[in-house]
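Here the structure is laid out as structure tokens; the discussion comes afterwards.
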Amino acid sequence: ETGVTQTPRHLVMGMTNKKSLKCEQHLGHNAMYWYKQSAKKPLELMFVYSLEERVENNSVPSRFSPECPNSSHLFLHLHTLQPEDSALYLCASSPGLAGGLAYEQYFGPGTRLTVT
Amino acid sequence: SQQGEEDPQALSIQEGENATMNCSYKTSINNLQWYRQNSGRGLVHLILIRSNEREKHSGRLRVTLDTSKKSSSLLITASRAADTASYFCATGDFNKFYFGSGTKLNVKP
């Protein structure tokens, strides 16, 4: 195990539902990330948090809303999603963000989301 | 875009053979990393090579970096069936990573 857990592992939701994805890291890291992985597309970075402050928002639609209450927990709140949002959502953490250098990232197992 | 692109997209070899995957990127980098992903799971970090390094080893893995050609290669020696997975290169920046589409490796027992 990588020390990063994600719940739920699988989620099916209708387009009018509201749900949340949860990520928790047990590594004492200061940076956390949300990624989207769709079939046959490169991994897409969605959000980056450093010390609970959002430092990157990669032009993600507002129907995805991140929350980082502390450095160990990261949420992704979902509402009025579209079928094309169906994907594997991966959370990752790293020791920090260092100027000019990036650390290796530790990924959770992902949440497989299906929007019907 | 700094996005790395892996080549080939898919590779099928026999157990015991070596597997070589390549990654090309477009802009200057501080480091390049390789990750492995088993089907439907999270990515696992394999190795990080900095821009001032040319080669790095970790167990059966050997990574090279040629910044003049903006390319990197990952060599897995004496492959095993358990090496079957997708392999991604990622270029790092201050607060983000750029991943390629990956090479799908199938090691036949």
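Protein chains in written order, with our numbering: chain A, 1 to 116; chain B, 1001 to 1109.
C-beta atoms are modelled at their ideal positions from N, C-alpha and C, and glycine is treated no differently.
Between the alpha carbons of residue i and residue j, how many angstroms are there, rounded?
i                      : j                      : result
residue 1088 (chain B) : residue 1069 (chain B) : 18 Å
residue 1074 (chain B) : residue 1067 (chain B) : 15 Å
residue 91 (chain A)   : residue 1078 (chain B) : 32 Å
residue 38 (chain A)   : residue 1101 (chain B) : 10 Å
residue 1051 (chain B) : residue 107 (chain A)  : 23 Å
residue 1001 (chain B) : residue 1028 (chain B) : Because residue 1001 (chain B) sits at a pLDDT of 49, beneath the cut-off of 50, its placement in the model cannot be relied upon, and the point is left open.
residue 43 (chain A)   : residue 28 (chain A)   : 24 Å
residue 89 (chain A)   : residue 60 (chain A)   : 13 Å
residue 103 (chain A)  : residue 15 (chain A)   : 36 Å
residue 68 (chain A)   : residue 1097 (chain B) : 20 Å
residue 95 (chain A)   : residue 1083 (chain B) : 27 Å
residue 1060 (chain B) : residue 1076 (chain B) : 6 Å
residue 56 (chain A)   : residue 1045 (chain B) : 22 Å
residue 1012 (chain B) : residue 1056 (chain B) : 24 Å
residue 97 (chain A)   : residue 1081 (chain B) : 36 Å
residue 1085 (chain B) : residue 26 (chain A)   : 26 Å
residue 1004 (chain B) : residue 20 (chain A)   : 31 Å
residue 1025 (chain B) : residue 80 (chain A)   : 36 Å
residue 82 (chain A)   : residue 1006 (chain B) : 30 Å
residue 66 (chain A)   : residue 1108 (chain B) : 41 Å
residue 1022 (chain B) : residue 1039 (chain B) : 20 Å
residue 1063 (chain B) : residue 1072 (chain B) : 7 Å
residue 58 (chain A)   : residue 64 (chain A)   : 11 Å
residue 47 (chain A)   : residue 1099 (chain B) : 15 Å
Could you tell me how far apart the beta carbons of residue i and residue j are, in whole angstroms, since I believe they sit closer than 8 Å?
i                     : j                    : result
residue 24 (chain A)  : residue 72 (chain A) : 6 Å
residue 35 (chain A)  : residue 51 (chain A) : Residue 35 (chain A) to residue 51 (chain A), Cβ: 20 Å. No contact.
residue 117 (chain A) : residue 18 (chain A) : The structure shown does not extend to residue 117 (chain A), since chain A spans only 1 to 116, so no value can be given for it.
Can you pull the chain B neighbours of residue i, defined as C-beta to C-beta under 8 Å?
i                     : result
residue 104 (chain A) : 1033, 1045, 1048
residue 2 (chain A)   : 1042, 1044
residue 112 (chain A) : 1040
residue 109 (chain A) : 1041, 1042
Among residues of its own chain, excluding the 5 on either side of residue i, which ones have a beta-carbon nearer than 7 Å to its beta-carbon?
i                      : result
residue 100 (chain A)  : Reliability fails at residue 100 (chain A), whose pLDDT of 47 lies under 50, so the model's placement of it is uncertain and the value that follows must be treated cautiously. Closer than 7 Å at the Cβ level, and outside the excluded window around residue 100 (chain A), lies no residue.
residue 109 (chain A)  : 6, 9
residue 1017 (chain B) : 1079
residue 3 (chain A)    : 25, 26, 27, 106
residue 86 (chain A)   : 113, 114, 115
residue 1015 (chain B) : 1079, 1080, 1081, 1107, 1108, 1109
Any heavy atom of the ligand ZN within a distance shorter than 8 Å of the CB on residue i?
i                      : result
residue 1056 (chain B) : Among the ligands in the structure shown, none appear at all, so the ligand ZN cannot be discussed.
Using a Cβ-Cβ cut-off of 8 Å (strictly less than) and excluding sequence neighbours within five positions of residue i, which residues of its own chain qualify?
i                      : result
residue 1031 (chain B) : 1048, 1049, 1050, 1051, 1091, 1092
residue 11 (chain A)   : 19, 21, 111, 112, 113, 114
Which same chain residues, not among the five before or five after residue i, have their C-beta less than 6 Å away from its C-beta?
i                      : result
residue 32 (chain A)   : 49, 74, 93
residue 1010 (chain B) : 1104
residue 1036 (chain B) : 1044, 1046, 1085, 1087
So with CB distances below 9 Å, who are the chain B contacts of residue i?
i                    : result
residue 42 (chain A) : 1003, 1004, 1005, 1088, 1098, 1099, 1100, 1101, 1102
Requested in this report: Please name the residues in the stretch 1009-1041 of chain B whose beta-carbon is closer than 9 Å to at least one beta-carbon of chain A, in chain order.
Outcome: 1030, 1031, 1033, 1035, 1037, 1040, 1041
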